[in-house]
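K.L.:
Protein chains in written order, with this note's numbering: chain C, 1348 to 1626; chain D, 6 to 141.
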């Protein structure tokens, strides 16, 4: 199973839209895809794909309940489907993930057991046999570096990094390198970068300079996504992926938008090939 | 963080997910493995000898370092014990903790006791004989 976390330290770089559209690209390639939404922001992937209706329901089962050994039902019942993508939506209780996971850790210690709060997502997914059911797992964590991010990275061991080609964006990639370095030491794992994805590229000279610097740093930049604000706003308004938006909500095809969809397909394929070739 | 592909934590081989437990376990290198013969009964030193086999395979962490939690892969089973046997368990766990100089789980001790019995049916035969089996 291909597994990765779409993560950026900087907010507003299109992390969630990239995750949703890569998931759709995987479905288009004929693969079974599961997306885990760990981001409790209102503008979440669950909202984008219109599966967020139970996020406030305190009676509903949630992924966090499974992570602290208090499930209310089988894992399969957490899964919703939109545009052929299986999604475990974010529930508001995830806001308190750290508190609940730490509390469970303390409780376990009182009974002489071990409970690593950073490894519970991996445990839940393994126990549910997700790696046997799906070809691709994509995790959308919150933009803050918290216990949910630790769980996401521990589970996938791979990241795809969206970034805005600017001085701030460049620093955010370097900052991420440090952050992930700390996580690697903390969790005793190695994290692989499958792609760095410049988003909202406008073709300016200084943007090219940052892309060159990143490539010199050794990062793989398979595609560059140009600024497509009207298409992306449309996706959020209609609550769908860019593929569906262009197909169903545009009265005529716009070449530059089709080009962006092709690039997303290309990016998804590039990511798949990365993991097939031994490092 | 490096460019490219790395481990698959979902791989079937559990050895790929053998992160060391974050609990306070003593360095296994520092554990004196031979001192069980000093004061222990015959049964206990036999047990210590046979315990190593899962840990000696190259590239594979010993069982307690490979699991995520002590209950991983274990089923809870009710067992029937007389008080005098059950009362001896904390003492046995304490004895083993003294020998290893680290925390030892009761769950591990219980399973190890069954594993040792499976490897040494002669010891079981003697104990069951005491209990009256084999009387003609």
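Ideal Cβ positions, reconstructed from N, Cα and C, are used throughout, including at glycine.
Which residues in chain C sit within 8 Å of residue 75 (chain D), going by Cβ to Cβ distance?
P.N.:
Here residue 75 (chain D) corresponds to residue number 70 of the second chain, with the count starting at 1. Ordered by position in chain C, the residues that pass the 8 Å Cβ test against residue 75 (chain D) are 1459, 1460 and 1461.
K.L.:
Near residue 1469 (chain C), what residues of its chain come up, given a Cβ to Cβ distance below 8 Å and the 5 sequence neighbours on each side ignored?
P.N.:
Here residue 1469 (chain C) corresponds to residue number 122 of the first chain, with the count starting at 1. Contacts found: 1498, 1501 and 1502.
K.L.:
Drop a sphere of 10 angstroms on the beta-carbon of residue 1515 (chain C), count the other beta-carbons inside from all chains shown, and report buried for 16 or more, exposed for fewer.
P.N.:
For this step, residue 1515 (chain C) is matched to residue 168 along the first chain. Classification for residue 1515 (chain C): exposed.
K.L.:
Which residue marks the beginning of the alpha helix (DSSP H) containing residue 103 (chain D), and which one marks its end?
P.N.:
Position 98 of the second chain, counted from the first residue, corresponds to residue 103 (chain D). Looking at the DSSP string, the run of the alpha helix (DSSP H) that includes residue 103 (chain D) is 88-105.
K.L.:
Give a yes or no on whether 9 Å exceeds the smallest Cβ distance from residue 1478 (chain C) to chain D.
P.N.:
Start at 1 with the first residue of the first chain, and residue 1478 (chain C) comes out as number 131. Yes, because at least one Cβ of chain D sits closer than 9 Å to the Cβ of residue 1478 (chain C).
K.L.:
Mind checking whether residue 1440 (chain C) and residue 1382 (chain C) have CB atoms under 9 Å apart?
P.N.:
Here the question's residue 1440 (chain C) lines up with position 93 in the first chain. Here the question's residue 1382 (chain C) lines up with position 35 in the first chain. It is not a contact, given that the beta carbons lie outside the stated cut-off.
K.L.:
What residues from chain D crowd round residue 1539 (chain C), counting only those whose CB sits closer than 7 Å?
P.N.:
Here residue 1539 (chain C) corresponds to residue number 192 of the first chain, with the count starting at 1. Chain D residues near residue 1539 (chain C): 7, 9, 10 and 11.
K.L.:
Does the CB of residue 15 (chain D) have a neighbour CB from chain C at under 9 Å?
P.N.:
Here residue 15 (chain D) refers to the residue found at position 10 of the second chain. With 9 Å as the cut-off, residue 15 (chain D) counts as an interface residue toward chain C.
K.L.:
Could you compute how far the alpha carbon of residue 1438 (chain C) sits from the alpha carbon of residue 1403 (chain C)?
P.N.:
Position 91 of the first chain, counted from the first residue, corresponds to residue 1438 (chain C). Position 56 of the first chain, counted from the first residue, corresponds to residue 1403 (chain C). Approximately 7 Å between the Cα atoms of the pair.
K.L.:
Within 10 Å of its beta-carbon, does residue 84 (chain D) have 16 or more other beta-carbons around it, so buried, or fewer, so exposed?
P.N.:
If you number the second chain from 1, residue 84 (chain D) lands on position 79. With fewer than 16 Cβ atoms within 10 Å of its Cβ, residue 84 (chain D) is classed as exposed.
K.L.:
Taking 9 Å as the threshold (beta carbon to beta carbon), is residue 1321 (chain C) in contact with chain D?
P.N.:
Outside the displayed span of chain C (1348 to 1626) sits residue 1321 (chain C), for which this structure offers no information.
K.L.:
Which residues does DSSP list as the beta-bridge partners of residue 1542 (chain C)?
P.N.:
Locating residue 1542 (chain C) in the first chain gives position 195, counting from the first residue. In the DSSP output, where bridge partners are listed per residue, residue 1542 (chain C) has C:1507.
K.L.:
Answer yes or no: do residue 1445 (chain C) and residue 1415 (chain C) have a C-beta to C-beta separation smaller than 9 Å?
P.N.:
In the first chain, residue 1445 (chain C) corresponds to position 98, counting from 1. In the first chain, residue 1415 (chain C) corresponds to position 68, counting from 1. No, the pair does not count as a contact, with Cβ atoms beyond the cut-off.
K.L.:
Taking Cβ to Cβ, would you say residue 1542 (chain C) is nearer than 9 Å to residue 1485 (chain C)?
P.N.:
Counting from one through the first chain, the residue named residue 1542 (chain C) turns up at place 195. Counting from one through the first chain, the residue named residue 1485 (chain C) turns up at place 138. Taking 9 Å as the Cβ cut-off, residue 1542 (chain C) and residue 1485 (chain C) do not qualify as a contacting pair.
K.L.:
Going straight from the alpha carbon of residue 1504 (chain C) to that of residue 1540 (chain C), what length do you get?
P.N.:
Along the first chain, one-based indexing puts residue 1504 (chain C) at 157. Along the first chain, one-based indexing puts residue 1540 (chain C) at 193. Roughly 9 Å between the two C-alpha positions.
K.L.:
Roughly how many angstroms separate the alpha carbons of residue 1496 (chain C) and residue 1589 (chain C), rounded to a whole number?
P.N.:
In the first chain, residue 1496 (chain C) corresponds to position 149, counting from 1. In the first chain, residue 1589 (chain C) corresponds to position 242, counting from 1. Whole-angstrom Cα-Cα distance: 26 Å.
K.L.:
Measure the alpha-carbon distance for residue 88 (chain D) versus residue 94 (chain D) and round it to whole angstroms.
P.N.:
On the second chain, residue 88 (chain D) is found 83 positions in, with the first residue counted as 1. On the second chain, residue 94 (chain D) is found 89 positions in, with the first residue counted as 1. Rounded to whole angstroms, residue 88 (chain D) to residue 94 (chain D) spans 10 Å at the Cα level.
K.L.:
At 3 residues or longer, what runs of the beta strand (DSSP E) sit wholly inside the stretch 1466-1513 of chain C?
P.N.:
Secondary structure in the stretch 1466-1513 of chain C: the beta strand (DSSP E) runs of 3 residues or longer, each lying completely within the stretch, are 1483-1487 and 1505-1510 in chain order.
K.L.:
Going along the chain, which residues of its own chain have a beta-carbon closer than 8 Å to the beta-carbon of residue 1418 (chain C), five neighbours each way excluded?
P.N.:
Within the first chain, residue 1418 (chain C) is the residue found at index 71, counting from 1. If we look at residue 1418 (chain C) and ignore the five residues flanking it on each side, its Cβ neighbours are 1408 and 1412.
K.L.:
Check the DSSP bridge columns for residue 132 (chain D) and list the partner residues they point to.
P.N.:
The count along the second chain starts at 1 and reaches residue 132 (chain D) at position 127. Residue 132 (chain D) is not bridged to any residue.
K.L.:
With a threshold of 9 Å between beta-carbons, can residue 1472 (chain C) be considered close to chain D, or not?
P.N.:
As a working note, residue 1472 (chain C) is residue 125 in the first chain. Answer yes: the Cβ-Cβ gap between residue 1472 (chain C) and chain D drops below 9 Å somewhere.
K.L.:
Which residues of the stretch 1564-1587 of chain C have a Cβ closer than 7 Å to any Cβ of chain D? Give them in chain order.
P.N.:
The stretch 1564-1587 of chain C vs chain D, Cβ under 7 Å: 1565, 1566 and 1567.
K.L.:
What are the residues in the stretch 1508-1541 of chain C lying within 8 Å of chain D by C-beta distance?
P.N.:
Per Cβ criterion, the list reads 1523, 1524, 1527, 1528, 1531, 1534, 1535, 1536, 1537, 1538, 1539, 1540 and 1541.
K.L.:
Considering just the uninterrupted stretch of the beta strand (DSSP E) at residue 1434 (chain C), what are its terminal residues?
P.N.:
Counting from one through the first chain, the residue named residue 1434 (chain C) turns up at place 87. Start and end: 1432-1435.
K.L.:
Using the rule of at least 16 other Cβ atoms within 10 Å of the residue's Cβ for burial, across every protein chain shown, is residue 15 (chain D) buried or exposed?
P.N.:
For the purposes of this step, residue 15 (chain D) is taken as residue 10 along the second chain, with counting starting at 1. Result: buried.
K.L.:
Run the proximity test for residue 1623 (chain C): is its beta-carbon closer than 8 Å to any non-hydrogen atom belonging to the ligand ZN?
P.N.:
Of the ligands one can find in the structure shown there are none, so the ligand ZN has no counterpart to examine.
K.L.:
So the candidates are C:1603, C:1615 and C:1517; which of them puts its Cα closest to the Cα of residue 1377 (chain C)?
P.N.:
Counted from its first residue, the first chain places residue 1377 (chain C) at position 30. Of the candidates C:1603, C:1615 and C:1517, the one whose C-alpha sits nearest the C-alpha of residue 1377 (chain C) is C:1615.
K.L.:
Would residue 123 (chain D) pass as an interface residue toward chain C - the criterion being a Cβ-Cβ separation below 9 Å?
P.N.:
Numbered from 1 along the second chain, position 118 holds the residue referred to as residue 123 (chain D). False, the Cβ-Cβ gap to chain C never drops below 9 Å.
K.L.:
With 9 Å as the threshold, decide whether the Cβ of residue 1475 (chain C) is near any Cβ in chain D.
P.N.:
As a first step, residue 1475 (chain C) is located in the first chain; it is residue number 128 there, counting from the start. Chain D contact via Cβ: absent.
K.L.:
Whose C-alpha, out of D:139, D:134, D:110 and D:9, is nearest the C-alpha of residue 1457 (chain C)?
P.N.:
In the first chain, the residue the question calls residue 1457 (chain C) occupies position 110. Nearest of D:139, D:134, D:110 and D:9 to residue 1457 (chain C), Cα basis: D:110.
K.L.:
Run through DSSP, which three-state label would residue 1457 (chain C) get?
P.N.:
On the first chain, position 110 is the one that residue 1457 (chain C) refers to. Of the three classes helix, strand and coil, the one that applies to residue 1457 (chain C) here is helix, per DSSP.
K.L.:
If you run the structure through DSSP and keep just helix, strand and coil, what is residue 1614 (chain C)?
P.N.:
Your numbering for residue 1614 (chain C) matches position 267 in the first chain. Helix at residue 1614 (chain C).
K.L.:
Applying the criterion that 16 or more other CB atoms from any shown protein chain within 10 Å of the CB defines a buried residue, is residue 1391 (chain C) buried or exposed?
P.N.:
The count along the first chain starts at 1 and reaches residue 1391 (chain C) at position 44. Residue 1391 (chain C) should be labelled buried.
K.L.:
Please go through the same chain and pick out, in chain order, the residues whose beta-carbon is closer than 7 Å to the beta-carbon of residue 1461 (chain C), but skip the five residues on each side of it.
P.N.:
On the first chain, position 114 is the one that residue 1461 (chain C) refers to. The answer, listed in chain order, is 1455.
K.L.:
Return the CA-CA distance between residue 1400 (chain C) and residue 1600 (chain C), expressed in angstroms with no decimal places.
P.N.:
By 1-based counting over the first chain, the position of residue 1400 (chain C) is 53. By 1-based counting over the first chain, the position of residue 1600 (chain C) is 253. Straight through space, the alpha carbons of residue 1600 (chain C) and residue 1400 (chain C) are spaced by roughly 31 Å.
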